[in-house]
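Have a look at the structure below before the remarks.
What follows is the structure, encoded as C-alpha cells:
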C-alpha cells in the first residue's frame, strides 16, 4: 500500500512540475533546432556541452529542458526574459537562478558580464574560456 501511495504521489508531483514550466514564447517555438548555429559559432565544442549549458539556461527561465536547442547563440538574455508572459516580468528570479547555477556549475559570474546585449553565445564563450577552452 505504501509503495502505491508513493508512486501516485510521485506521478502527481511530476505532473504538477511539468505544468509549472513556462510555455516557450512563439518566436522560439516556431524555430528549427539551432544545433548547427551553435556548432558553427563554436566549431571546437561538443554538442553535448552546448546541450548541458542550454539545459541550465532554459531551466533557469523555467522552460522545458527538451526545448533547449530552440535557442541560438545570438539570442539575448534580456530578450528571452522580455518574451516571457507579463506576470513573470519584474521578477529577477530567472537571472538569480542562472547566476547561481553558472557559478556552481562553471565558476562563471554573471554580474561582471551583464549587459542588455549579452547573448547566450557570449555567455557560452565565457564558460569555454573559464574551462580553459577557446571561445570561438
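Residue numbers (the numbering used here): 198 to 333. C-beta atoms are modelled at their ideal positions from N, C-alpha and C, and glycine is treated no differently.
inquiry  = Closest to residue 266 by C-alpha separation, out of 255, 259 and 275, would be which residue?
reply    = 255
query = Going by alpha carbons, who is nearest to residue 264 out of 232, 323 and 318?
reply = 232
query = Taking C-beta to C-beta, are residue 258 and residue 222 nearer than 8 Å?
reply = no
inquiry  = With a threshold of 7 Å (Cβ to nearest heavy atom), would residue 277 be considered close to the ligand ADP?
reply    = Inclusion of the ligand ADP in the displayed structure is not the case, the ligand content being empty and no account of it being possible.
request  = Sort 276, 318 and 229 by Cα distance to residue 166 and report the nearest one.
outcome  = With the chain represented from 198 up to 333, any question about residue 166 goes unanswered, as that position is not in the structure.
key: Reduced DSSP secondary structure (H/G/I, E/B, other) of residue 316   = strand
query = Taking just the CA atoms, how far does residue 303 sit from residue 220?
reply = 27 Å
task = For residue 313, I'd like the list of residues in its chain whose CB is within less than 7 Å of its CB, leaving aside the five on either flank, ordered along the chain.
result = 275
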